[in-house]
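Note that the protein sequences, when read in sequence, are chains U and G.
Residues 1 to 343, numbered by the numbering used here, are exactly what the first sequence covers, in order.
Residues 344 to 686, numbered by the numbering used here, are exactly what the second sequence covers, in order.
For every residue, glycine included, the Cβ atom is placed at its ideal position computed from N, Cα and C.
All values reported here derive from a predicted model rather than from experimental measurement.
Here is the structure we will look at.
2 protein chains.
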Amino acid sequence: MAKANKKFIIGLDIGGTKLMALAVSEKFKPLGRFRIKTRGKKGGGGSQFDRVVECIAGVMTENKLSPADLLGIGVGSPGPLNPETGVIIDTPNIGWKNFPLADKISAKFKGVPVAVDNDVNLGTYGEYHFGAARGGRHVFGMFPGTGIGGGILIDGRIYRGASGAAGEVGHVVLDPAGPLCGCGHRGCLEAYAGRLVIAGQLAALVLRDQAPELAEEVGSDIRDIRSGQIADSIDGGDRLVEQVVRREAARIGLVVANVVNILSPDTIVLGGGLVEAMTRLFMDEVARAVRRHALPFLAKFANLVPAKLGDDAVAMGAAKLIAERLDARKAGNADPKRARAKK
Amino acid sequence: MAKANKKFIIGLDIGGTKLMALAVSEKFKPLGRFRIKTRGKKGGGGSQFDRVVECIAGVMTENKLSPADLLGIGVGSPGPLNPETGVIIDTPNIGWKNFPLADKISAKFKGVPVAVDNDVNLGTYGEYHFGAARGGRHVFGMFPGTGIGGGILIDGRIYRGASGAAGEVGHVVLDPAGPLCGCGHRGCLEAYAGRLVIAGQLAALVLRDQAPELAEEVGSDIRDIRSGQIADSIDGGDRLVEQVVRREAARIGLVVANVVNILSPDTIVLGGGLVEAMTRLFMDEVARAVRRHALPFLAKFANLVPAKLGDDAVAMGAAKLIAERLDARKAGNADPKRARAKK
Chain U
1 MAKANKKFII GLDIGGTKLM ALAVSEKFKP LGRFRIKTRG KKGGGGSQFD RVVECIAGVM
61 TENKLSPADL LGIGVGSPGP LNPETGVIID TPNIGWKNFP LADKISAKFK GVPVAVDNDV
121 NLGTYGEYHF GAARGGRHVF GMFPGTGIGG GILIDGRIYR GASGAAGEVG HVVLDPAGPL
181 CGCGHRGCLE AYAGRLVIAG QLAALVLRDQ APELAEEVGS DIRDIRSGQI ADSIDGGDRL
241 VEQVVRREAA RIGLVVANVV NILSPDTIVL GGGLVEAMTR LFMDEVARAV RRHALPFLAK
301 FANLVPAKLG DDAVAMGAAK LIAERLDARK AGNADPKRAR AKK
Chain G
344 MAKANKKFII GLDIGGTKLM ALAVSEKFKP LGRFRIKTRG KKGGGGSQFD RVVECIAGVM
404 TENKLSPADL LGIGVGSPGP LNPETGVIID TPNIGWKNFP LADKISAKFK GVPVAVDNDV
464 NLGTYGEYHF GAARGGRHVF GMFPGTGIGG GILIDGRIYR GASGAAGEVG HVVLDPAGPL
524 CGCGHRGCLE AYAGRLVIAG QLAALVLRDQ APELAEEVGS DIRDIRSGQI ADSIDGGDRL
584 VEQVVRREAA RIGLVVANVV NILSPDTIVL GGGLVEAMTR LFMDEVARAV RRHALPFLAK
644 FANLVPAKLG DDAVAMGAAK LIAERLDARK AGNADPKRAR AKK
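Below is the structure:
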């Protein structure tokens with residue numbers, strides 16, 4: 001088998017801190033990965049875009065894949081964005097505004113087809129096709145991190161709603177008089193259970209000498225507090241660290257329970273760095289919250305599972321997205337021929 | 344035109360206090376209505392079912408419609424129920440349990456096709472096809488009453504979720520330590536803003552001489568407090584009555600805002616007796632809550648409208664449902680013929 005000449009697809013995950021390109025075969029077998037750091041917004045749209053091009057080119061060079069065999073590129077990006085046109089409407093963290101990402105990437109790679117969608121949608125889609133949510137039909141994916149994103153699949157298809165940005169579960173308001181959120185509203189889930197807010201509480205514990213295990217690894221700079229370190233400090237016996245994380249995991253669970261009451265999904269997949277590092281804690285708290293707060297008749301149909309694909313989820317979902325677009329194109333090209341044949 | 348021999352459809356609304364049958368032409372022109380009171384659960388399934396039959400027969404007799412011209416019957420019932428089989432799983436208020444309602448009705452009316460679905464779904468569906476939600480695509484209908492039901496349409500089709508019972512917005516939990524709800528959980532929306540809970544607060548105002556206008560019409564029996572009387576007392580100057588209702592309308596608005604954050608509908612239709620009696624108050628409070636608590640990028644796509652069809656909504660939605668089943672049947676019957684013709 002002449003592997004070198006096999007056709008392939010690239011899935012790209014544009015994250016807040018890093019870019020990851022994943023090359024897969026037409027059957028979605030991973031062929032290789034390439035990671036680089038995301039540049040901050042200082043560099044502006046152009047410079048950040050250069051990193052995107054570098055990452056896509058990198059996965060081909062590193063894995064000896066020929067650009068001539070590249071069938072298409074799927075891209076998961078923070079939003080809001082327009083999945084029809086591939087235009088990024090506004091991503092403050094990266095600095096893109098009305099940026100035609102799909103067309104720009106396509107122009108750099110010989111006009112190859114490019115599809116863009118929201119990263120959380122594609123993470124959920126990846127888990128649905130290749131990971132923990134396989135066999136589901138109405139799927140809700142939730143990925144707690146700095147932001148808390150939600151992806152919704154209805155009948156196995158990405159549901160985007162009227163705005164294109166459905167699934168903003170991080171901004172479900174729990175208490176109209178609650179703490180201020182980054183979005184300007186009060187009492188959003190993210191204002192309690194977002195990574196930075198949790199890290200802030202943990203940093204305060206460190207300064208108060210109430211988290212000795214965590215204090216060995218980090219100081220009071222919340223940027224330094226990583227999921228793995230939080231997990232280690234809990235394993236090491238930092239009870240108050242555990243209490244803080246459990247309380248926020250339960251709050252995430254309350255929102256999951258309310259999504260069950262509204263959407264009645266058959267599958268709920270939980271992922272992201274915090275959940276990966278403390279899977280059992282998060283799954284326990286969310287399952288408990290669903291038992292307590294979701295109607296039993298709806299909860300009994302909702303299967304709660306931890307994500308399986310880790311860092312690959314978004315890129316795998318992106319690869320699937322572009323593969324489907326390519327298939328639709330083929331079908332679209334076939335139709336006119338059949339129409340002509342009938343004449 | 345020989346109107347008497349025109350084919351027709353019946354939509355039946357099985358409410359908590361009354362049954363209403365609506366006969367419509369094949370083009371959904373209303374031909375007549377027939378209403379009777381729902382019997383309590385004492386009578387058991389059989390007796391309640393007799394009222395259903397009486398109501399369907401009544402609308403035909405009263406309007407001189409011949410059973411020979413009856414094409415089908417659509418039924419909106421409280422749930423949970425199975426819309427595929429037409430079996431009512433459990434409706435405590437009526438006393439049906441695993442009751443094959445569709446088959447039973449069909450057997451009483453010469454085997455005519457019968458379709459059954461949840462009343463809130465069909466109310467939303469009615470408003471979508473014939474009322475305030477026309478032109479929408481992703482529609483959320485909410486009908487505050489004794490229970491607070493929600494209906495979801497995705498791409499113009501009723502969305503039922505994995506359980507068949509999606510849209511239980513009355514049991515969205517606002518505060519895990521909140522008041523006890525009829526469902527056994529704490530802090531559900533219904534435990535604050537359900538009609539009986541609001542009536543309880545108003546009855547207390549009456550007893551404390553804090554609602555003089557309302558006191559002229561009702562006493563402290565919460566069964567006697569009707570939506571129209573609440574509206575009259577507010578118009579008459581009962582400030583505390585207005586405060587109570589506004590606070591709960593705002594709480595309903597908070598849940599609507601969270602549905603916008605999750606589902607991003609293009610149309611939100613609000614209906615039911617309370618909203619009909621105090622349309623402006625409810626629309627104002629819900630619109631304000633959506634502005635305050637939903638992300639602007641999603642809120643701007645969400646059109647908030649009051650229901651238009653009033654008591655007809657469920658029956659009209661039910662008529663549309665059975666009409667679609669009849670169309671699908673026709674298409675289904677046509678296919679085998681075409682298949683045979685090809686041989």
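- Below the 9 Å Cβ cutoff, chain G contributes no neighbours of Y192 of chain U, its closest Cβ being approximately 13 Å away.
- Neighbours of D266 of chain U in chain G, taken as residues at a C-beta separation under 9 Å, are given in chain order as G504, A505 and S506.
- Residues of chain U with a Cβ closer than 8 Å to the Cβ of C526 of chain G are, in chain order, L295.
- Residues of chain U with a Cβ closer than 8 Å to the Cβ of I497 of chain G are, in chain order, I154 and Y159.
- Shown here, D627 of chain G sits in a helix according to DSSP, grouped into three states.
- The region 64-91 of chain U is shown to contain whole beta strand (DSSP E) runs of 3 or more residues at 70-77 and 87-91, in chain order.
- Distance from G419 of chain G to V657 of chain G at the Cβ level is roughly 4 Å; contact confirmed, criterion being Cβ atoms closer than 8 Å.
- Using a CB distance below 8 Å, no part of the region 85-98 of chain U faces chain G.
- Residue pairing from DSSP places M20 of chain U in a beta bridge opposite U:D13 and U:R35.
- Between V455 of chain G and L413 of chain G, the gap from beta carbon to beta carbon is short of 8 Å.
- Listed along chain G are N604, I605, L606 and S607, each with a C-beta nearer than 9 Å to that of G167 of chain U.
- Neighbours of P423 of chain G across chain U, judged by C-beta separation under 8 Å: F297.
- Leaving aside the five residues that flank A191 of chain U on each side, the residues in its chain whose CB is nearer than 7 Å to its CB run, in chain order, G178, P179, L180, C181 and V197.
- In this structure, A632 of chain G places its C-beta atom within 8 Å of the C-beta atom of A593 of chain G.
- Of all residues in the region 576-601 of chain G, only L597, A600 and N601 place a beta-carbon less than 8 Å from a beta-carbon of chain U.
- DSSP, reduced to helix, strand and coil, places R246 of chain U within a helical segment of the structure shown.
- Contact between L532 of chain G and V598 of chain G holds, with the beta-carbon distance rounding to 5 Å and staying under 8 Å.
- Contact annotation for R292 of chain U against chain G: V516, P519, H528 and R529 [CB-CB distance below 9 Å, chain order].
- Contiguous beta strand (DSSP E) elements confined to the region 457-498 of chain G occur at 457-461, 482-487 and 491-497, taking only those with 3 or more residues.
- Taking the Cα positions, P421 of chain G is about 33 Å away from R635 of chain G.
- Around the Cβ of E470 of chain G, a 10 Å sphere holds 16 or more other Cβ atoms; the residue is buried.
- Taking 8 Å as the upper bound on Cβ-Cβ separation, chain U lies near residues R480, H481 and G493 of the region 461-493 of chain G.
- The beta carbon of F301 of chain U sits closer than 8 Å to some beta carbon of chain G.
- For I611 of chain G, the enclosing beta strand (DSSP E) covers residues T610 to L613.
- The three-state secondary structure of V314 of chain U, taken from DSSP, is helix.
- The shortest C-alpha to C-alpha distance from F473 of chain G to any of G:I353, G:G660 and G:I665 is the one to G:G660.
- Approximately 14 Å separates the beta-carbon atoms of V516 of chain G and G493 of chain G; this is outside 8 Å, ruling out the contact.
- Looking only at U:V116, U:A277 and U:V241, the smallest Cα-Cα distance to G86 of chain U is reached by U:V116.
- Counting only the Cα atoms, G537 of chain G lies some 12 Å from V618 of chain G.
- Here E628 of chain G has R589, A592, A593 and G596 as same chain residues with Cβ atoms under 7 Å from its own Cβ, once five neighbours each way along the sequence are excluded.
- At the C-beta level, L496 of chain G and Y468 of chain G come within 8 Å of one another.
- Distance between A411 of chain G and K372 of chain G, taken at the CA atoms: about 19 Å.
- The Cβ atoms of V603 of chain G and A642 of chain G sit closer than 8 Å to each other.
- Under the three-pair Cβ rule at 8 Å, the region 499-511 of chain G does not count as touching the region 158-167 of chain U.
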